[in-house]
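Here is the structure we will look at, set down as structure tokens.
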DNA sequence: CTGCTATATTGCTATATAGGCATACAATGA
DNA sequence: TCATTGTATGCCTATATAGCAATATAGCAG
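Below is the structure:
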């Protein structure tokens, strides 16, 4: 990761745009195709003003593109990379959860062993920590 | 990206931890190995209290691990995936910059063509927009 | 032109958080 | 135990921003 400070700031900016659940929800809605503001509201449950604001931020960041069609304005993903990014993070978080779950199981196992071990002094002595 | 709302919130949280330049700088410093708080200060130019705070956030997020050694506390990367993530984003941003640069060059080219075209009325007429 | 619908924007409030100063806390040596 | 060094934390200020209500703006049909 050899990035100039200003480049690193831009990386931080990119993460910042994605650091808000409402915006991720809006992006999720775009996974299945272009949508206007009203459709976004329906898909996300967010208010109109709110959706509009978040879409503006996403458009300014170059993540979505904006197209007027009649009274409606349609937004479409312009940077598919964003989905990959979210997927990578989601997968990693899932993995971590599974690892923790595994560790929890091992702890449970250890607890059960210890519970048995309390009944027999000689077997606890063998499990030197 | 089929994530439950709570999972998506965790994705947002992950991006949030990375959305701050100071924290990215701290992570960068860890690329070259474990460091104590003072070393982080030197590597990043940030203040002690500030560094400590950011390291705490990173530790709580499970991104760095913390080890006391004498008076010093060493921090080390616990989630190398973070570096991949930053690299992906950095690369993509670079690509976008290059694409924009290309487009700018093409616009320059078009401008030059137009400049030539103004000197000859018949050749401009041929370029039906 | 008017009325309607869709969307963008403004202004406000509440909340979060970065950075810095001061201080508390941890570890160590004399 | 005390003094020193390294680090963590509390408090404060300033700034950013989410969400919402109200309103301005854009597009269209009659």
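Protein chains in written order, with full-length UniProt numbering: chain A, 1 to 129; chain B, 1 to 129.
Yeah, the Cβ is synthetic: ideal placement off N, Cα and C, and Gly gets one too.
Are the CB atoms of residue 26 (chain B) and residue 73 (chain B) within a distance shorter than 8 Å? no
Scan the region 3-29 of chain A for residues whose Cβ lies nearer than 7 Å to a Cβ of chain B and list them as they occur along the chain. 3, 7, 8, 9, 10, 11, 12, 14, 15, 16, 18, 19, 20, 21, 24, 25 and 28
Answer with yes or no whether the minimum CB distance from residue 66 (chain A) to chain B is below 8 Å. no
To the nearest whole angstrom, what separates the beta carbons of residue 28 (chain B) and residue 93 (chain A), a pair I think is in contact under 8 Å? Contact doesn't hold; Cβ gap of about 22 Å is too wide.
Can you tell me which of A:40, A:105 and A:84 puts its alpha carbon nearest to the alpha carbon of residue 75 (chain A)? A:40
Helix, strand or coil for residue 65 (chain B), going by three-state DSSP, please let me know. Strand, per DSSP.
Chain B within 8 Å of residue 85 (chain A), Cβ atoms only: yes
Rank B:22, B:17 and B:46 by C-alpha distance to the C-alpha of residue 146 (chain A) and give the top, closest one. Nothing about residue 146 (chain A) can be read from this structure; chain A reaches only from 1 to 129.
Please list the partners that residue 104 (chain A) has in chain B, where partner means a Cβ-to-Cβ separation under 9 Å. The premise fails here: residue 104 (chain A) is roughly 15 Å from chain B at the closest Cβ pair, so nothing lies under 9 Å.
Along chain A, which residues have their Cβ under 7 Å away from the Cβ of residue 46 (chain B)? Neighbours of residue 46 (chain B) on chain A: none; closest Cβ ~12 Å, over 7 Å.
Looking only at DSSP bridge pairs, what is residue 73 (chain B) linked to? B:68
Shorter than 7 Å, the distance from the beta carbon of residue 92 (chain A) to the closest heavy atom of the ligand GTP, or not? Of the ligands one can find in the structure shown there are none, so the ligand GTP has no counterpart to examine.
What does a CB cutoff of less than 8 Å around residue 52 (chain A) pick up in its chain, not counting 5 residues either side in sequence? 37
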